[in-house]
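Data first, discussion second: the structure below is written as structure tokens.
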Amino acid sequence: MYWFIALISLFAMAVDALFYRLRIRRRVKSRAGRIAFVCFALVSDLMPAFILLLYRLLPDNPTPAVKAAMWLMFVYLLTLLPRLAYYLVSLLGRRPAVRLVAMAAALGCVALLVWGAVRGRRAIVVNRVTIASDRLPEAFRGLRIVQFSDTHIGSMVNSRRELRALVDTINGLRPDLVVFSGDLVNIRYTELDQPAREILGAIRAPFGVVSTLGNHDVGIYVKDTVALPPEVNTARLIGLQREMGWNMLLDSTVYLHRGGDSISLSGVSFDRSMYRFRHTADVPIPGLEPVYAGVPAELFNVTVSHLPQLRHNIADLGYGDLILAGHVHSMQIKMRIGKRRFSPAQWFYDEWSGLYDNDGHRLYINDGIGYVGFPMRLGAYPEVTLFVLER
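Take the sequence shown: its letters are residues 1103 to 1493, numbered as in my numbering.
Now the structure itself:
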């Protein structure tokens, strides 16, 4: 992702230089005004580099430092995107009316960004999805599964309020089973403090809550690994989830029984060997056979995998009638024009949000609850998904 940030900064500098040459140098007579534009543009364009440099120089990355970097990135977007909107409209001409429209576009962009940070990041949406399969036992017809994902507790602005709203939403859907598909914390296990555990521990479902691990859960983002080795971080986070009464699916399978019938429920944990490939379309992984060892292939199977890129590996083994994933967040920006959806996520992932069907193997990618990088969501709002299984 570093290259992506660097590319955006270089693009912004190139556009600023072009706008300066075509507009500022010719129309702004004041030398002080021209210097002010150059200084503002440089400070804005170099802000990501400053954030990354500061991050690398710090001996560790405690939650306050991560939050500060996140808000600095938001300030960067707040200075960059409205400016680009102004430039784009300005290409239409030099008439006063065009300048007014350009200014309106810039102010509209500011309003959208602020709304995304103030309201969009906590405006939970519930998506209802019916999954029909001839492989589903009759006894499980109507089973209600609720999925949520990617809470990233440490980056939440007000974790208690946001988690309470989440739990109220989940319990209000009367689920039979609740599935969490990874990235409970952002950096370290201590983010799951006592108040957070009490709130999340109040989720209620007859079949309970099952959880697997995402890339942010296994300690790979902790800088001071001497003070907190990744293995210790992971073990403590697993222990805290079990204290809440959650069933951890760590590369394993359990069975749900109802009315004399059964279905299998599997979990694929994020492995640290996947780190370099977590934001690529394909992930080279060790074999997933141990996850399904001894699992009858004729049983309807639900698999929870943080990374959606593993869907083909799961399907190739004959499992995953329904695969529930997260990870992508639609990169927290998504828009719909007619039936088409657009997001920066589609530049990195083949499948990035919602339901996909591959010869009866359904993949659903939940847009997540929390946020990373910047505290904002536009279009890709915090999601809770209700699945109803049917024949």
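Beta carbons: idealized from backbone N, C-alpha and C, even for Gly. Bear in mind that the values here come from a model prediction, so they are computed numbers and not experimental data.
For this session: Would you check if the distance between the CB atom of asparagine 1349 and the CB atom of valine 1393 is smaller than 8 Å?
Result: Within the sequence shown, numbered from 1, the residue matching residue 1349 stands at position 247. Within the sequence shown, numbered from 1, the residue matching residue 1393 stands at position 291. No, the Cβ-Cβ distance between asparagine 1349 and valine 1393 is not below 8 Å.
Exercise. Grouping DSSP H, G and I as helix and E and B as strand, with all else coil, what is methionine 1258?
Worked result: Taking the first residue of the sequence shown as position 1, residue 1258 is located at position 156. It is coil, neither helix nor strand.
Exercise. Going by beta carbon distance, what residues of the same chain come within less than 8 Å of aspartate 1236, once the five residues before and after it are set aside?
Worked result: Within the sequence shown, numbered from 1, the residue matching residue 1236 stands at position 134. Once the five neighbours on either side are set aside, the close Cβ partners of aspartate 1236 are Arg1493.
For this session: Within its chain, find whatever has a CB closer than 6 Å to the CB of tyrosine 1323; leave out the 5 residues flanking it on each side and keep chain order.
Result: Here the question's residue 1323 lines up with position 221 in the sequence shown. Correct list, in chain order: Ile1289.
Exercise. Taking histidine 1463 as the reference, which of Pro1410, Tyr1451, His1431 and Met1437 has the closest Cα?
Worked result: Against the sequence shown, residue 1463 aligns to sequence position 361. Per the Cα distances, Pro1410.
For this session: On a CA-only basis, which of Ala1329, Ile1110 and Ala1138 is nearest leucine 1179? Give me that one, please.
Result: The residue given as residue 1179 occupies position 77 in the sequence shown. For the residues Ala1329, Ile1110 and Ala1138, the minimum Cα distance to leucine 1179 belongs to Ile1110.
Exercise. Would DSSP call methionine 1437 helix, strand or coil?
Worked result: Here the question's residue 1437 lines up with position 335 in the sequence shown. Under the three-state reduction of DSSP output, methionine 1437 falls in the strand class.
Problem set entry | alanine 1208 versus leucine 1183 - alpha carbon distance | Residue 1208 sits at position 106 when you count from the first residue of the sequence shown. Residue 1183 sits at position 81 when you count from the first residue of the sequence shown. Distance between the alpha carbons of alanine 1208 and leucine 1183 is about 8 Å.
Problem set entry | Residues that DSSP places opposite leucine 1124 in a beta bridge | As a first step, residue 1124 is located in the sequence shown; it is residue number 22 there, counting from the start. For leucine 1124, no pairing in a beta bridge is given by DSSP.
Problem set entry | Exposed unless 16 or more other CB atoms sit within 10 angstroms - verdict on methionine 1437 | The residue labelled residue 1437 in the question sits at position 335 within the sequence shown. Exposed.
For this session: Could you tell me if glutamine 1343 is buried or exposed, where buried requires 16 or more neighbouring beta carbons within 10 angstroms of its beta carbon?
Result: Residue mapping note: residue 1343 aligns to position 241 of the sequence shown, counting from 1. Flag for glutamine 1343 reads buried.
Exercise. Across which residues does DSSP place threonine 1487 in a beta bridge pair?
Worked result: In the sequence shown, the residue the question calls residue 1487 occupies position 385. The partner list for threonine 1487 (beta bridge, DSSP) reads Asn1229 and Gln1249.
Exercise. With respect to the beta strand (DSSP E) encompassing isoleucine 1471, which residues constitute its N-terminal and C-terminal limits?
Worked result: Looking up residue 1471 in the sequence shown gives position 369. Run containing isoleucine 1471: none; DSSP gives neither H nor E here.
For this session: Using three-state DSSP, classify serine 1445 as helix, strand or coil.
Result: As a working note, residue 1445 is residue 343 in the sequence shown. Correct three-state label for serine 1445: coil.
Problem set entry | Three-state secondary structure assigned by DSSP to tyrosine 1421 | One-based indexing of the sequence shown puts residue 1421 at position 319. Correct three-state label for tyrosine 1421: coil.
For this session: Identify, in the order they occur along the chain, each residue of the same chain with its Cβ nearer than 6 Å to the Cβ of phenylalanine 1121, setting aside the five sequence neighbours on each side.
Result: Here residue 1121 is taken as the residue at index 19 of the sequence shown, counted from 1. If we look at phenylalanine 1121 and ignore the five residues flanking it on each side, its Cβ neighbours are Tyr1189.
For this session: Decide yes or no for the touch test of the segment 1221 to 1233 against the segment 1140 to 1156: beta carbon pairs closer than 8 Å, at least 3 of them.
Result: no
Exercise. In chain order, what residues of the same chain have a beta carbon less than 7 Å from the beta carbon of aspartate 1452, not counting five sequence neighbours either side?
Worked result: Translated into positions along the sequence shown, residue 1452 becomes position 350. So the qualifying residues of the chain are Ala1383.
Exercise. Along the chain, where does the alpha helix (DSSP H) that runs through phenylalanine 1450 open and close?
Worked result: What you label residue 1450 is simply residue 348 of the sequence shown in a count that begins at 1. That residue, phenylalanine 1450, is in no alpha helix (DSSP H); it is neither H nor E in DSSP.
For this session: Find the nearest neighbour of phenylalanine 1309 within the set Pro1297, Thr1336 and Ser1366, judged by alpha-carbon distance.
Result: What you label residue 1309 is simply residue 207 of the sequence shown in a count that begins at 1. Nearest of Pro1297, Thr1336 and Ser1366 to phenylalanine 1309, Cα basis: Ser1366.
Problem set entry | Beta-carbon spacing of aspartate 1319, glycine 1274 below 8 Å | By 1-based counting over the sequence shown, the position of residue 1319 is 217. By 1-based counting over the sequence shown, the position of residue 1274 is 172. No; because the gap between Cβ atoms is not below 8 Å, this pair is not in contact.
Exercise. Could you check where the beta strand (DSSP E) with isoleucine 1365 kicks off and where it finishes?
Worked result: Here residue 1365 is taken as the residue at index 263 of the sequence shown, counted from 1. Here the beta strand (DSSP E) through isoleucine 1365 covers 1363 to 1370.
For this session: Please go through the same chain and pick out, in chain order, the residues whose beta-carbon is closer than 8 Å to the beta-carbon of leucine 1419, but skip the five residues on each side of it.
Result: As a first step, residue 1419 must be located in the sequence shown, where it is residue number 317. Around leucine 1419: Leu1390, Glu1391 and Tyr1394.
Exercise. In chain order, what residues of the same chain lie with their CB nearer than 7 Å to the CB of arginine 1360, ignoring the 5 residues before and after it?
Worked result: As a first step, residue 1360 must be located in the sequence shown, where it is residue number 258. Within the same chain, arginine 1360 has close Cβ partners Ala1241 and Phe1242.
Exercise. Which one of Leu1401, Leu1457, Thr1405 and Glu1400 has the shortest CA to CA distance from glycine 1369?
Worked result: Residue numbering aside, residue 1369 sits at position 267 when the sequence shown is read from its first letter. It is Thr1405 whose Cα lies nearest to the Cα of glycine 1369.
Problem set entry | Beta-ladder partner(s) of arginine 1196, from DSSP | Counting from one through the sequence shown, the residue named residue 1196 turns up at place 94. In the DSSP output, where bridge partners are listed per residue, arginine 1196 has none listed.
Problem set entry | DSSP bridge partner residues for phenylalanine 1282 (one or two, in chain order) | Working through the sequence shown from its first residue, we reach residue 1282 at position 180. Answer is Phe1250 and Ser1313.
Exercise. Taking the C-alpha atoms as reference points, what is the distance between arginine 1125 and leucine 1155?
Worked result: On the sequence shown, residue 1125 is found 23 positions in, with the first residue counted as 1. On the sequence shown, residue 1155 is found 53 positions in, with the first residue counted as 1. Near 32 Å, if we compare the C-alpha coordinates of leucine 1155 and arginine 1125.
Problem set entry | Span of the alpha helix (DSSP H), counted from its first residue to its last, around arginine 1158 | Looking up residue 1158 in the sequence shown gives position 56. Counting along the chain, the alpha helix (DSSP H) containing arginine 1158 begins and ends at 1133 to 1159.
Exercise. Thinking just about the alpha-carbon of each residue, which of Ser1192, Ala1134, Thr1336 and Glu1345 is nearest to the one in glutamate 1300?
Worked result: Here residue 1300 refers to the residue found at position 198 of the sequence shown. The option with the nearest alpha carbon to glutamate 1300 is Glu1345.
Exercise. Where do the N-terminal and C-terminal ends of the alpha helix (DSSP H) with valine 1404 fall, by residue?
Worked result: Position 302 of the sequence shown, counted from the first residue, corresponds to residue 1404. Not the alpha helix (DSSP H): valine 1404 falls in the beta strand (DSSP E), residues 1403 to 1407.
Problem set entry | One or two residues paired with threonine 1271 in a DSSP bridge | Start at 1 with the first residue of the sequence shown, and residue 1271 comes out as number 169. None; threonine 1271 has no bridge partner.
For this session: Buried or exposed for valine 1281, please, with buried defined as at least 16 other CB atoms from any protein chain shown within 10 angstroms of its CB.
Result: For this step, residue 1281 is matched to residue 179 along the sequence shown. That one is buried.
Exercise. Would histidine 1431 pass as a contact of glycine 1470 if the rule is Cβ separation under 8 Å?
Worked result: As a working note, residue 1431 is residue 329 in the sequence shown. As a working note, residue 1470 is residue 368 in the sequence shown. Yes, the pair counts as a contact, with Cβ atoms nearer than the cut-off.
Exercise. Beta-carbon separation of isoleucine 1247 and proline 1277 under 8 Å?
Worked result: By 1-based counting over the sequence shown, the position of residue 1247 is 145. By 1-based counting over the sequence shown, the position of residue 1277 is 175. Contact flag set, yes.
Exercise. Along the chain, where does the beta strand (DSSP E) that runs through valine 1356 open and close?
Worked result: Residue 1356 sits at position 254 when you count from the first residue of the sequence shown. Segment 1354 to 1360, the beta strand (DSSP E) holding valine 1356.
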